[in-house]
Each structure stands twice: as C-alpha cells, then as structure tokens.
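In my numbering, the protein residues as written are 469 to 953.
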C-alpha cells in the first residue's frame with residue numbers, strides 16, 4: 469500500500485541518499501534528482517571516480533563510504549528521507565555473494581534507528597531456472613533489507629541499455645572487436661532489456677510515494693529478444709555484418725576468460741553477468757507499466773540512441789574536458805578501458821615523490837626507466853602515419869593543464885597527488901598515462917598506470933602487443949621514482 473507525497477520537506481525537496489553512486493545507474497540518476505531540486509548525498513567507495521563523473525552542484529554532497537564500516541554507514545544513513553540502494557559487489561571477486569550479504573546487513577542495521585522512510589532497491593530479475601550467484605545475491609539482499617521494517621520498493625531489472633551498462637558493453641565490444649562472434653550456447657536465451665531512460669522514469673516515480681509496506685516490481689522493455697537477435701540489432705546499428713557462431717565448447721568458465729580477452733568490461737563483472745545470462749531473463753512488467761505509464765523505447769531505438777551517445781562519456785573530469793580527447797574519440801572505442809601499471813609503497817613524502825614525478829619527460833629524467841623503449845615507440849609512429857617525434861618540455865617550473873611533454877599532453881594535474889597525460893601518438897584507440905600519489909598516513913603509495921580504450925580488433929591487438937613492455941616498464945618506473953625521491 470502506498471500514498472502520494474504532497475509535502476516533500478515543506479519546500480518540495482527530499483533529503484536523498486544514493487548508495488553506490490559511482491556505479492552506472494547511480495551516476496546517471498544523480499543529475500536527474502538534482503534537476504528536480506532535491507538535496508542529494510552521493511556515497512561511494514570510489515569517490516574520485518564519482519567526482520570525475522558527476523558535476524558539482526549546490527545541492528550535492530559527495531562522501532566516501534565503505535558499507536563494510538558499520539559505524540560510518542549508520543552516520544551517513546541516519547538523517548535522510550529516502551535511500552536509493554544501488555550497491556552491488558560483482559567487482560569484489562569470487563566471494564562477492566558473502567560480501568554483498570554483509571553489506572546488506574550493515575545497511576539494514578543502519579536503517580533501524582534512522583529517519584529513513586523509504587528505500588528504493590535496484591535488484592535483478594529472478595529466472596525460473598539456474599543458480600547464478602549474482603542473482604542469488606540480489607535476492608538475498610532484498611530479503612535482508614526488508615527486515616529493517618522500513619518500506620522497501622524493489623525494482624527487479626534485467627539488462628539495461630545505455631552507454632556504460634556492463635551487459636550492453638559486453639555485447640557491443642564483441643561486435644566491434646571480433647570479425648566472427650564466438651559465443652556460448654546461452655546466446656539463444658531470451659530477455660526484454662530496458663532502456664536507461666525508461667528505468668530512470670520508474671526510479672524517479674518512487675519519489676512521489678510514501679509506502680507503508682514493501683513491494684517489488686519487475687521492469688523490462690517492450691521487446692522480448694534472444695541474445696542472438698540482440699547481436700543482430702547491434703550489428704545493424706554499427707553497420708557490421710552479423711557472423712555469429714555459438715558452441716557448447718565455450719563453457720561459462722572458458723567464456724569468462726574469452727570475455728576478458730576480447731572486451732574491456734572488468735573480468736569480475738563480466739564473469740558474474742555471464743552466469744546470469746545463461747537463463748531467460750524476461751521481466752513481467754505489466755504492473756509497473758500500469759502504475760507509472762510512459763512511452764517505452766524499443767530495443768532497436770535504445771541501441772541506436774546509446775551508440776549515438778557513446779562519445780558523451782568522455783565529457784568528464786577523467787579526460788579533463790580536453791578538446792583533443794573529445795575530438796579523437798570515435799564510435800567503437802571500448803567504454804571500459806584496459807589498464808596496466810604498477811604500485812609501490814614508500815616512506816617518502818608526497819611532496820618528495822611529486823618533485824620527481826613532475827619531471828616526467830624532461831631532458832634530464834626522461835621517463836625514469838627504459839628510456840630507449842619510450843623513444844623507440846615514438847619513432848615507430850613514422851611507420852603508421854604519424855610524424856617525426858617532437859621533443860617538448862613544459863615551460864615550468866610547475867606543471868599545468870595544457871602543457872606538452874613530448875607526444876603527451878597534460879589534461880589533469882593536482883600537485884602532490886595526481887597527473888594525467890593524454891596519449892598523442894598514432895594508434896587504434898585513445899589512451900592516457902596516470903601517476904597517482906596516495907597518502908595513507910604512515911606510508912605513501914605511488915601508482916603509475918596506462919589506460920587504453922581500444923578501437924575494435926586492431927585496438928585490442930595493439931594493447932596486447934604493448935603488454936609485455938608495459939609490465940616491464942611500469943615496475944621499473946615506480947622503483948626508479950622512489951629511488952630518485
């Protein structure tokens with residue numbers, strides 16, 4: 469049973485908490501909540517990523533929160549009216565079922581003595597057959613949250629269509645990156661994916677409700693399609709021929725390794741999703757359609773809109789809004805980047821490390837380790853249509869955004885903490901090199917890492933060709949920087 473809200477904090481505003489705000493749905497939902505004038509607290513473990521993806525706003529507060537910390541969870545949750553629980557642990561690793569349950573228990577305990585009147589939980593459709601840990605974790609989380617005696621509205625969704633949705637990105641990467649799609653037998657399972665815009669309509673509709681008891685809805689799009697048919701729609705949208713071969717030899721475990729090679733989706737997330745996609749994933753969404761009517765976007769239109777909006781993702785602090793990065797982004801680049809790097813712990817101060825890091829590419833220091841390999845890569849540009857390498861150094865004495873360092877360009881710079889360089893050489897993809905310094909109190913951690921958004925099959929080949937050099941170089945770089953500091 470629910471009633472409509474007519475007095476949203478007297479001024480038409482809710483105090484809303486979004487847990488899991490740095491995730492795909494959370495980072496897309498927050499701007500919509502702010503547009504409606506609500507006061508939003510966005511909480512996430514990956515606070516830097518969240519702040520890079522969501523623009524500052526007078527009604528937005530971002531906070532670091534690890535739900536493993538029971539006391540911190542209670543403090544953050546207590547003074548909010550409504551909570552969107554968008555947390556999942558697929559990226560945690562093989563034990564994410566126990567991990568998700570522990571987070572749910574901590575959140576449930578935090579609700580017991582809080583001011584929260586309503587929880588909106590984004591869950592997953594439960595198929596009639598199969599035993600996916602991902603789906604089981606979603607189910608058990610819902611059961612635990614309802615023990616807090618705060619009304620929970622559970623929206624059970626299947627595949628979400630939009631740039632950045634992991635399941636959609638897996639399928640898109642397959643079509644872009646492989647001349648022949650090799651898929652497991654589950655490619656003939658059926659689903660009715662929902663467009664992100666339609667899902668957001670249902671999420672926002674909950675702001676008008678004051679439920680007195682918990683309830684769940686299944687949410688899905690208007691079209692029921694097999695994954696084979698979905699691949700066909702994606703191929704048509706990007707003007708690729710559909711060449712798909714499904715085989716039972718590709719077991720779920722083998723498929724997860726295969727996925728890790730040919731897509732940019734993080735392996736842990738991809739493996740968990742694959743287990744769920746083995747089953748029919750069709751939502752019975754008649755109830756929620758009647759209660760919150762809206763025009764439902766067809767699968768074909770959702771795919772076309774998502775592919776058309778691919779480039780919007782890089783308009784964020786991740787790329788520093790750099791015009792060169794925006795201009796170079798092309799359809800078909802992997803949404804999720806491949807990465808390779810190295811970390812090292814040290815008792816050197818952040819300032820001591822920064823004094824070395826900021827000299828990267830200088831005539832004196834070069835790249836701190838294996839400079840001959842860096843220079844060789846620059847000259848290889850001549851063979852793939854690039855120009856003669858340019859030796860450029862910042863005017864100094866401090867680095868600033870826009871500085872050129874040889875073939876690189878500074879696109880983000882936070883002294884003593886972080887620097888990001890845009891890859892300027894010719895290659896099938898878009899990349900950046902980052903140096904991050906984190907102060908953990910009794911020690912500092914230096915991370916040097918390359919990020920690469922491959923452009924199709926050639927972009928993947930390039931990345932794997934560079935991998936041995938990356939593993940060798942970055943381990944040497946972090947050690948050399950610490951030694952020089």
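Virtual Cβ for every residue (Gly too), placed ideally from N, Cα, C.
Item, Value
"Euclidean distance between Cα positions of residue 866 and residue 876", "16 Å"
"Extent of the continuous alpha helix (DSSP H) run through residue 624", "Careful: residue 624 lies outside any alpha helix (DSSP H), inside the beta strand (DSSP E) at 620-625."
"Three-way DSSP call (helix, strand, coil) for residue 754 in this model", "helix"
"Alpha-carbon spacing of residue 568 relative to residue 556, whole angstroms", "7 Å"
"Between the CA atoms of residue 519 and residue 530 - distance to the nearest angstrom", "8 Å"
"Range of the contiguous alpha helix (DSSP H) that encloses residue 498", "492-503"
"Integer-rounded CB distance, given that residue 686 should sit under 8 Å from residue 751", "4 Å"
"C-alpha gap between residue 882 and residue 826, whole angstroms", "10 Å"
"Residue 566 (DSSP reduced to helix, strand or coil)", "helix"
"Distance between residue 627 and residue 693 (C-alpha atoms, nearest Å)", "12 Å"
"Span of the alpha helix (DSSP H) around residue 669", "664-673"
"First through last residue of the beta strand (DSSP E) which encompasses residue 552", "550-553"
"Closest Cα partner of residue 677 within the set 621, 946, 920, 524", "621"
"CB-CB length for residue 551 against residue 485, believed under 8 Å", "5 Å"
"Segment contact, 8 Å Cβ cut-off, at least three pairs: the stretch 658-674 with the stretch 829-836", "no"
"Euclidean distance between Cα positions of residue 712 and residue 638", "15 Å"
"Residue closest to residue 674, alpha-carbon to alpha-carbon, out of 850, 924, 896, 501", "501"
"Of the residues 576, 631, 630, 698, the one placed nearest residue 658, counting alpha carbons only", "698"
"Alpha-carbon to alpha-carbon, residue 760 and residue 560", "Caution is warranted here: a pLDDT of 47 is assigned to residue 560, below 50, making its placement in the model unreliable, and the coordinate value is therefore given only provisionally. Those two C-alpha atoms are separated by around 34 Å."
"Segments of 3+ residues assigned as beta strand (DSSP E) that fall wholly inside the stretch 830-885", "876-882"
"Endpoints, the alpha helix (DSSP H) within which residue 616 is located", "First-last for residue 616: undefined, no H or E at that position."
"Spatial neighbours of residue 902 in its chain, beta-carbon cut-off 6 Å, leaving aside the 5 residues before and after", "888, 917"
"Extent of the continuous alpha helix (DSSP H) to which residue 777 belongs", "Per DSSP, residue 777 belongs to no alpha helix (DSSP H) and is neither H nor E."
"Environment of residue 631 [buried if 16+ CB atoms lie within 10 Å]", "buried"
"Buried versus exposed call for residue 935 [16 or more other C-beta atoms within 10 Å across all chains shown]", "exposed"
"Which of helix, strand or coil DSSP assigns to residue 746", "coil"
"Cβ pair residue 590, residue 522 closer than 8 Å", "no"
"8 Å Cβ cutoff met for residue 592 and residue 625", "yes"
"Inter-stretch contact at 8 Å, needing at least 3 Cβ pairs: the stretch 698-710 / the stretch 808-821", "no"
"Limits of the alpha helix (DSSP H) - the one that residue 700 falls within", "695-705"
"Residues of its chain near residue 871, where Cβ-Cβ distance is below 7 Å and the 5 sequence neighbours each way are ignored", "862, 878"
"Check whether residue 489 and residue 512 have beta carbons under 8 Å apart", "yes"
"Residue 724 - DSSP class collapsed to helix/strand/coil", "helix"
"Segment limits, beta strand (DSSP E) that includes residue 532", "528-532"
"Residue 717 (DSSP reduced to helix, strand or coil)", "coil"
"Chain-order list of residues whose beta-carbon lies under 7 Å from that of residue 805 (same chain, five-residue window excluded)", "732, 919, 920, 921"
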